[in-house]
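Below: the structure, in structure tokens.
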Amino acid sequence: MTSPGLDRELKKGSAELLILSLVEDRPRHGYDIGQLIELRSRGALRFNVASLYPLLYRLEKRGWIRGRWVEKAGQRRRRYYRLTPAGKKVLASQRDGWLEFVKAIGRITGIQYA
Amino acid sequence: MPDFRSEIRARLASLGLSPARELEIADELTQHLEDEYEHALSRGVSEDEAERAVLADLNVPDSLDRELKRVERPVPPNPVAMGTQRRSNMIGDLGQDVRYGLRMLAKNPAFTAIAVLALALGIGANSAIFSVVNAILLRPLPYKNPKQLVMVWENATHLGFPKDTPSPANFLDWRQQTTVFEGMAAFTERSFNLTGVGEPERLDGRRVSSNLFDLLGVRPIIGRTFVPQEDQPGTKVVLLNESLWKRRFGGDPSVIGRVLTLNNEAYTVVGVLPHSVRLPAFVNWRDQVWVPIAFSAEEAAGRGNHFLEVIARLKPGPTLQQARAEMETIAARLALQYPEYNTRRGSVVSPLHEEIVGNMKPALLILLGAVAFVLLIACANVANLLLARAAVRQKEIALRLALGADRARLTKQLLVESVMLSLLGGVVGLGFAYAGLRVLTRFIPPDIAHADTIAIDGKVLAFTLLIALVTGLIFGLAPASQASHFNLSETLKEGGRDSGAGARGKRLRSSLVIAEVAVSVVLLIGAGLLINSFMHLSNLDPGFRADHLLALSVNLSEVKYPDTARRTAFFDEVVRRVQPLPGVQSVAVAGNLPFTYNGDSMSIAVEGIPDPPPDQWPDVIYRAIGPGYFRTMGIPLVRGREFNDGDTLDTTRGVVIGEKTAKHYWPNEDPIGKRLKPGATTSNTPWRTVIGVVKDVRQNDFIAEPKMQMYFSYKQVEQLVANALIVRTSVDPLGLAMPVRNAIWSVDKDQPVANIDSMENIVAGAVARQRFSMLLLAIFAGLALVLAAVGIYGVMSYTVAQQTREIGIRIALGAKRGDVLKMTVKQAIKLVGLGLVIGLPSAFILTRVMSTLLFGISATDPITFLGISLVVLVVALLASYIPALRATKVDPMIALRAQ
């Protein structure tokens, strides 16, 4: 993978998939999403502010997620993102695509998953 | 807590986001950093360390502002048509396009105003003329199944009457023998004097077959129509027109059964008919009352007495062709049966709608064509404006294309803008149409059927909307298609220099000007021909002096004044009382006046000349007059004398003939003293001696040539009645209307006086239609010329502005101002010349359709064609001269620096 453009696209593609998956079952705010990615990847993946939020805004602009300011009793006002119906479709197709991609890589590299 | 917010805002500052968006992002990110900071603290990290860790997160290689820049747009100058990935949303896009278009239009108020004005003129003219066409041509007649209704005429083309009014005996035979018609009804005009209720009044009316209104499918408002038994002589029943009923009887339903005095006889009112009932009429005849036609036995037997009009309703099966064929068969049979009357007399069957509105059709269609042309020119102008503006907007368009706007969307956006312009133009145009119609209806000749129903109704609104939409698409297409052919790299390479959208744009603009010139030439030539014919008409001599002449209708009741002696006594007394009124020069009594009535005609026998065969027997128009008629009318006496008070029933019966009659019967002799009589030599009417010859007078209009004519004294013919008074005055004739009427009423207070008008007005009425069409076409042609001139001016100004640099270089290199002027004007001449090359042949073809409207001039009149070409050329030169002059004033230094 010598092309930096492709590398970035790949990263961006997977990041999109991560975020969409995280807001699938319930709305989450940005800090929550960042924490979850770090937690669930056991520290392997980490998004800093400068990369997480532009990505959220991009997804929102495409209409895949929708952010809304919510004020809960005793808590600070936070912006919660939830999946839109369009996002749901994109998520499904990105999941399929990712699976295909992983399988293809596996077939080529001989890496097997349990 | 450290101040993360200012850290973040410092990084957002360079993005140029909208304040609201910047605040929102700052809020969200600050919160995130604060969360992180607290989280670190909760893990036991020191405050300093936590702050440093959090800030480090902000300053990773992909810095926040660079990442955000990819997503967030600066305050969008054009929120539209960026290359979005989502599938296009028709409605949402349209809303966006409309809002954007409104902003663009509001941003250029001068451009918008000029474009809307041009479109409003074009669309308004179309709406106005369509309202007229709609009311007169398109609206169905107010009768049951109006398409089945026809009129039936006798065809006597060999005598000069291609549509002759049928005689009663022929009509009765037709009705008996026909199988294709459900029914046939006849009617004829008759005026009535209403007396006994307030002021005496003369009423237009008709005698009608009892089945006429059932045949038409007219339902009375109250009461009933006639029943067949009432079609008998002696039945005195009458139907009233709704308008008379409301005007004279206050709409009182108890009028049914009331007895009215009409022509001194008692008539019982049996019903009231809606005022929409309008039977075809030669002249401005507005029926107020109807009575049964009730032929007398003598009338019913008459075959040579042509005075009926006949309406018939086709049965559902037969076609018009079948009806015509059958009527021809019947006419041929009658010709064999009654050769002395019916030889060579055929029949004519024509749809009623055509009879009523047909004569207006060519003029209206031509006007409709004319306004369509005007609209086309307006379109070309606006398209040119848009093209010029598109050149200015090149940078905007290039930018949007570069940012990924797709061309289809861009084209759509431009089209939406132009349609919005045309819709605005439509709204303003409706206002123009409304105002125009108010003026127009005042000039519409009163004898045009249904003119009173002209209005802007749903149909007109729909029509206006439709043409506005179509218009917007037509003139928007050129700039829009240009945008979609826009060469992006070229424009960007040119560094935003105003290149006039290249050769393509220039070609488009030039062809629009050529088209404008061509269309205006066609319109102007059409208008020129009409104006020419109108002048021909107006300059024709009617045969009498129409100025300072007052005319009044004085219809005597046949019951009150049953014989010549009593009628003569009445009129002699009226003349005696009117003559001394101040301002009166002379006064005379007459039967029907020229330009109010064609005049009846008869065939005559001349002493010493054998009677011709029946089908070659010419008709001579006759009028009844009293002493002093020729002097009062200003009809020149060529030979002999006119009637005087000495010509009575007891003296020699005289006749005055027209020059044409004299020439026909006595080509090489003096006709004075010769004798003639009505009908055949064998008829038992007395011979009449020619006592004078006068100049011929036109009958009813300027179009028909004067026919053979003769005059009898009403005092010498029992059957002829006088019913008009003419007064030659030394002052404004209408100023004498009241004194003359009072003089008549001083003789008989129950005598109605009607149709008081100056002869000048009456004659003008005869050319009212021609004047109306001419006026409108002239207005539209003028409008077209102005619009075309504006178009030429606009394009030439634009071209000069584009060439400023080139002109500057030329002047700098020593070109003379005159050369520059010549160069610029030459370009204009080229365009106009091409316009003429296309326009003149088109006019040559198109003006033929108006040959029926022309009089005294050919549709290809070379002088008109040449003159109009010159006018267009001069106007075009003027329109291009001002920009050309400006070109010569170009300062080479400024011009070179300009770009």
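Protein sequences appear in the order of chains A and B.
Here the first sequence is numbered in the numbering used here, starting from 1 and rising by one per residue.
Here the second sequence is numbered in the numbering used here, starting from 115 and rising by one per residue.
Yeah, the Cβ is synthetic: ideal placement off N, Cα and C, and Gly gets one too.
Return yes when the Cβ of P276 of chain B is within less than 8 Å of the Cβ of N419 of chain B, no when it is not. As a first step, residue 419 of chain B must be located in the second sequence, where it is residue number 305. As a first step, residue 276 of chain B must be located in the second sequence, where it is residue number 162. No, they are not a contact pair.
Could you check the C-alpha separation between R400 of chain B and R392 of chain B for me, to the nearest Å? Position 286 of the second sequence holds residue 400 of chain B. Position 278 of the second sequence holds residue 392 of chain B. Cα to Cα, the separation comes out at about 7 Å.
Whose Cβ in chain B lies nearer than 7 Å to the Cβ of R28 of chain A? On the first sequence, residue 28 of chain A is found 28 positions in, with the first residue counted as 1. Neighbours of R28 of chain A on chain B: none; closest Cβ ~12 Å, over 7 Å.
C-alpha gap between S156 of chain B and E150 of chain B, whole angstroms: For this step, residue 156 of chain B is matched to residue 42 along the second sequence. For this step, residue 150 of chain B is matched to residue 36 along the second sequence. Computed Cα separation, rounded: 10 Å.
Is the segment 704 to 723 of chain B touching the segment 858 to 878 of chain B, taking contact as three or more C-beta pairs under 8 Å? yes
Among B:G297, B:S956, B:R883 and B:L501, which residue has its Cα nearest to the Cα of S595 of chain B? As a first step, residue 595 of chain B must be located in the second sequence, where it is residue number 481. The shortest C-alpha separation from S595 of chain B is found at B:L501.
For a minimum of 3 consecutive residues, which ranges assigned as the beta strand (DSSP E) are wholly contained in the segment 58 to 109 of chain A? 65 to 70 and 78 to 83
Taking 8 Å as the threshold, find out whether the segment 529 to 536 of chain B comes into contact with the segment 571 to 580 of chain B through three or more Cβ pairs. no
Tell me whether S120 of chain B is buried or exposed, calling it buried when 16 or more other Cβ atoms sit within 10 Å of its Cβ. Taking the second sequence and counting its residues from 1, the one referred to as residue 120 of chain B is at position 6. Burial call: exposed.
Judging by CA-CA distance, which residue of B:K183, B:F546 and B:R458 is the nearest neighbour of I444 of chain B? Numbered from its first residue, the second sequence carries residue 444 of chain B at position 330. Residue B:R458 is the option with its Cα nearest to I444 of chain B.
Measure the CB-CB distance between T555 of chain B and I568 of chain B and report whether it falls below 8 Å. Position 441 of the second sequence holds residue 555 of chain B. Position 454 of the second sequence holds residue 568 of chain B. Result yes, Cβ atoms of T555 of chain B and I568 of chain B sit closer than 8 Å.
How is Y828 of chain B classed by DSSP in three states: helix, strand or coil? On the second sequence, position 714 is the one that residue 828 of chain B refers to. Three-state result, Y828 of chain B: coil.
Suppose only complete runs of 4+ residues qualify. What are the alpha helix (DSSP H) ranges in the segment 643 to 705 of chain B, listed by chain order? 678 to 692
Beta strand (DSSP E) containing M716 of chain B: first to last residue? The residue given as residue 716 of chain B occupies position 602 in the second sequence. First-last of the beta strand (DSSP E) with M716 of chain B: D714 to V720.
Chain A contacts from the segment 129 to 157 of chain B (Cβ-Cβ distance under 9 Å): E138, I139, D141, E142, L143, Q145, H146, L147, E148, D149, E150 and H153
With a threshold of 8 Å between beta-carbons, can V159 of chain B be considered close to chain A, or not? Position 45 of the second sequence, counted from the start, is the residue given in the question as residue 159 of chain B. Not closer than 8 Å to any Cβ of chain A, the Cβ of V159 of chain B fails to qualify, so no.
Return the Cβ separation of V471 of chain B and L251 of chain B in integer angstroms, given the expectation that the two are a contact with Cβ distance under 8 Å. For this step, residue 471 of chain B is matched to residue 357 along the second sequence. For this step, residue 251 of chain B is matched to residue 137 along the second sequence. Yes, they are in contact, since the Cβ atoms of V471 of chain B and L251 of chain B sit about 6 Å apart, within 8 Å.
Go through its chain and collect everything with a Cβ distance to G609 of chain B's Cβ below 6 Å, but skip five positions before and after it. Counting from one through the second sequence, the residue named residue 609 of chain B turns up at place 495. Legend: pLDDT at G609 of chain B = 45, less than 50; position of this residue unreliable, value from coordinates given subsequently. Nothing meets the Cβ criterion.
Could you run through the segment 44 to 57 of chain A and flag, in chain order, every residue whose CB is less than 7 Å away from some CB of chain B? N48, V49, A50, S51, Y53, P54 and Y57
Using a Cβ-Cβ distance cut-off of 8 Å, determine whether K61 of chain A contacts chain B. Position 61 of the first sequence, counted from the start, is the residue given in the question as residue 61 of chain A. So yes, K61 of chain A belongs to the interface.
Along the chain, where does the beta strand (DSSP E) that runs through A838 of chain B open and close? Here residue 838 of chain B is taken as the residue at index 724 of the second sequence, counted from 1. Segment A838 to T843, the beta strand (DSSP E) holding A838 of chain B.
Answer with yes or no whether the minimum CB distance from Y80 of chain A to chain B is below 8 Å. Mapped onto the first sequence, residue 80 of chain A falls at position 80. No, because no Cβ of chain B sits closer than 8 Å to the Cβ of Y80 of chain A.
Whose CA, out of B:W731, B:K475, B:A408 and B:I336, lies closest to the CA of Y348 of chain B? Counted from its first residue, the second sequence places residue 348 of chain B at position 234. Note that residue 348 of chain B is Gly in the sequence shown, not Tyr. Ranking the options by Cα distance to G348 of chain B, first place goes to B:A408.
Opening and closing residue of the beta strand (DSSP E) in which Y548 of chain B lies: Translated into positions along the second sequence, residue 548 of chain B becomes position 434. Taken as a continuous stretch (DSSP letters only), Y548 of chain B belongs to no beta strand (DSSP E), being part of the alpha helix (DSSP H) at R521 to F557.
Which of the three DSSP states, helix, strand or coil, is assigned to A114 of chain A? On the first sequence, residue 114 of chain A is found 114 positions in, with the first residue counted as 1. Annotation note: pLDDT 46 at A114 of chain A (below 50); position unreliable, coordinate value reported separately. A114 of chain A: coil per DSSP, three-state reduction.
Are the beta-carbon atoms of E440 of chain B and T682 of chain B separated by less than 8 Å? Position 326 of the second sequence holds residue 440 of chain B. Position 568 of the second sequence holds residue 682 of chain B. In this structure, T682 of chain B does not lie closer than 8 Å to E440 of chain B by Cβ.
Could you confirm whether any beta carbon from chain A is found closer than 8 Å to the beta carbon of L1028 of chain B? Because residue 1028 of chain B is not part of the residues shown, which for chain B are 115 to 1013, the question remains open.
Looking at C-alpha atoms only, which residue of B:T961, B:L695 and B:L208 is the closest neighbour of R523 of chain B? For the purposes of this step, residue 523 of chain B is taken as residue 409 along the second sequence, with counting starting at 1. Minimum Cα distance to R523 of chain B is reached at B:L208.
Output needed in chain order: residues of the segment 68 to 94 of chain A with a Cβ under 9 Å from some Cβ in chain B. W69, R76, R77, R78, R79 and A86
Would you check if the distance between the CB atom of E832 of chain B and the CB atom of K809 of chain B is smaller than 8 Å? Position 718 of the second sequence holds residue 832 of chain B. Position 695 of the second sequence holds residue 809 of chain B. Cβ atoms of E832 of chain B and K809 of chain B: not closer than 8 Å.
Can you round the beta-carbon distance between D211 of chain B and V530 of chain B to whole angstroms, since I take them to be within the 8 Å contact cut? Taking the second sequence and counting its residues from 1, one reaches residue 211 of chain B at position 97. Taking the second sequence and counting its residues from 1, one reaches residue 530 of chain B at position 416. Contact holds; Cβ gap of about 4 Å.
Using a Cβ-Cβ cut-off of less than 7 Å, give me the residues of the segment 163 to 185 of chain B that come near chain A, in sequence order. D171, L172, V174, D176, S177, L178, E181, L182, R184 and V185
Can you tell me whether R855 of chain B is buried or exposed, with buried defined as 16 or more other CB within 10 angstroms of its CB? As a first step, residue 855 of chain B is located in the second sequence; it is residue number 741 there, counting from the start. Classification for R855 of chain B: buried.
Three-state secondary structure (DSSP) of P465 of chain B: As a first step, residue 465 of chain B must be located in the second sequence, where it is residue number 351. Of the three classes helix, strand and coil, the one that applies to P465 of chain B here is strand, per DSSP.
Beta bridge counterpart(s) of L17 of chain A as assigned by DSSP: Sequence index remark: in the first sequence, residue 17 of chain A carries index 17 (1-based). Its beta-bridge partners do not exist; DSSP assigns none.
So, for P394 of chain B: in the same chain, excluding its five sequence neighbours on each side, which residues have a beta-carbon less than 6 Å away from its beta-carbon? The sequence position of residue 394 of chain B within the second sequence is 280, counting from 1. Closer than 6 Å at Cβ, skipping near neighbours: E469 and I470.
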